[in-house]
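A.B. asks:
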Amino acid sequence: MERNINIPKEIVRSIAGATRVIALTGAGVSAESGVPTFRGEDGLWRNYRAEDLATPEAFRRDPKLVWEWYDWRRTLLAPLAPNAGHFALAEMESRFDDFTLITQNVDGLHRMAGSANLVEMHGNIWYTRCLREGDVRENRDVPLAPLPPLCTRCGGMVRPHIVWFGESLDPDILDRALFSTRQAQVFIVAGTSAMVQPAASLAGMAKQNGAIVIEVNVEPTPISGMVDASLQGSSGSVLPELLRIIDV
Ligand code: OAD
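All residue numbers for the sequence shown refer to my numbering, where the first residue is 2 and numbers rise by one.
#1: So Ile23 and Phe188 are in contact, right, with Cβ under 8 Å, and what is the actual spacing, rounded?
#2: Within the present structure, is the beta-carbon of Gln215 separated from the nearest heavy atom of the ligand OAD by less than 7 Å?
#3: If the criterion is Cβ atoms closer than 8 Å, does the pair Gly205 and Met227 meet it?
#4: Cα separation between Asp53 and Pro161?
#5: Check whether the Cβ of Ser34 lies closer than 7 Å to any heavy atom of the ligand OAD, and answer yes or no.
#6: How about Thr104 and Ser181: are their beta carbons less than 8 Å apart?
#7: In this structure, what does DSSP give as the bridge partners for Arg138?
#8: How big is the Cα-Cα spacing for Val219 and Gly156?
#9: Just grab the DSSP bridge partners of Asp99 for me.
#10: Please report the residue range of the alpha helix (DSSP H) in which Ile174 lies.
#11: Could you give the first and the last residue of the continuous beta strand (DSSP E) run that contains Asn118?
#12: Relative to the alpha-carbon of Ile247, which residue among Glu92, Gly237, Ile224 has its alpha-carbon at the smallest distance?
#13: Using a Cβ-based criterion (distance less than 7 Å to any ligand heavy atom), does Glu121 qualify as near the ligand OAD?
#14: Between the C-alpha atoms of Leu244 and Gln198, what's the straight-line distance to the nearest angstrom?
#15: Check whether the Cβ of Glu94 lies closer than 7 Å to any heavy atom of the ligand OAD, and answer yes or no.
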């Protein structure tokens, strides 16, 4: 079959023979679904200050403002659907004995596409967390009413179930991400600027542990120089091609 992406033959062979595969995704994978990325020309952090909207201090200062911003993002996300990149990653799960998808995305599109072995490193915008009892609950209301929303159990204040700047990741989630990264024979990193830790270190960690690292991005990133194959293109076209290569 004619291939548009150029991957050295030995890498293709390694992918085909791999049993433990990881994919790490970032906002770029959802871009073709219409979800704004964070950095870059139209990125959210170009128009909004993270310090005002995505920190525990901002929430303490003005929970309504923070919730209004999340409500706006939820409203924008609600009609959107997974794209070919999400579906290709969901398909990959059935192609390997052990496939884990680690995502920094909070939009829920990977699960909607069918990914089940999923680690949502930064939480999920469709869940709230009670400040009093830590109760995590799905909430699909768009728009949110009341705003800010209240805990349906105790009536107390809830926050978005999202990791904010200055906060640590859930230790169990981090352990899962680190454990699977250390086991990986192939590590695919797609649609992330590789600027935010600890996600940004995972590809390097996988490589140190002997994995073949394949990057998919529309432009070079800080990790492009160390990967085994840097596939430049949109994830919605490159990931399905990668799947076809695996299947040949
Ligand atoms: P960024 O916005 O930093 O990076 C998006 C990346 O996707 C860039 O490298 C783009 O070149 C690339 N990209 C854009 N469109 C693409 C496409 N169609 N196909 C492939 N690549 C494409 O997003 P993240 O790296 O995900 O954290 O950002 C990491 C974290 O920073 C986010 O999870 C968020 C943010 O602050 C939290 O909210 C906690």
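Yeah, the Cβ is synthetic: ideal placement off N, Cα and C, and Gly gets one too. These numbers were taken from a predicted model, which means no experiment stands behind them.
C.D. replies: Once the coordinates are examined:
#1: What you label residue 23 is simply residue 22 of the sequence shown in a count that begins at 1. What you label residue 188 is simply residue 187 of the sequence shown in a count that begins at 1. 5 Å between Cβ atoms; contact.
#2: Sequence index remark: in the sequence shown, residue 215 carries index 214 (1-based). Checking the sequence shown, residue 215 turns out to be Ile, not Gln. No - the ligand OAD has no heavy atom lying nearer than 7 Å to the Cβ of Ile215.
#3: Against the sequence shown, residue 205 aligns to sequence position 204. Against the sequence shown, residue 227 aligns to sequence position 226. Here Gly205 is near Met227, since their CB atoms are less than 8 Å apart.
#4: Reading the sequence shown from its first residue, position 52 is the one you call residue 53. Reading the sequence shown from its first residue, position 160 is the one you call residue 161. Using only the alpha carbons, I get a separation of about 15 Å.
#5: The residue you call residue 34 lines up with position 33 of the sequence shown. No.
#6: The count along the sequence shown starts at 1 and reaches residue 104 at position 103. The count along the sequence shown starts at 1 and reaches residue 181 at position 180. No, they are not a contact pair.
#7: By 1-based counting over the sequence shown, the position of residue 138 is 137. Arg138 pairs with Thr129.
#8: Numbered from 1 along the sequence shown, position 218 holds the residue referred to as residue 219. Numbered from 1 along the sequence shown, position 155 holds the residue referred to as residue 156. Those two C-alpha atoms are separated by around 45 Å.
#9: For this step, residue 99 is matched to residue 98 along the sequence shown. In the DSSP output, where bridge partners are listed per residue, Asp99 has Arg21.
#10: In the sequence shown, counting from the first residue as 1, residue 174 sits at position 173. Note, Ile174: alpha helix (DSSP H), 172-184.
#11: Position 117 of the sequence shown, counted from the first residue, corresponds to residue 118. No beta strand (DSSP E) contains Asn118, which DSSP labels as neither H nor E.
#12: Taking the first residue of the sequence shown as position 1, residue 247 is located at position 246. Nearest C-alpha to Ile247: Glu92.
#13: Here residue 121 corresponds to residue number 120 of the sequence shown, with the count starting at 1. Outside the cutoff, so no.
#14: Mapped onto the sequence shown, residue 244 falls at position 243. Mapped onto the sequence shown, residue 198 falls at position 197. Taking the Cα positions, Leu244 is about 28 Å away from Gln198.
#15: Here residue 94 refers to the residue found at position 93 when the sequence shown is read from its first residue. No, the Cβ of Glu94 stays beyond 7 Å of every heavy atom of the ligand OAD.
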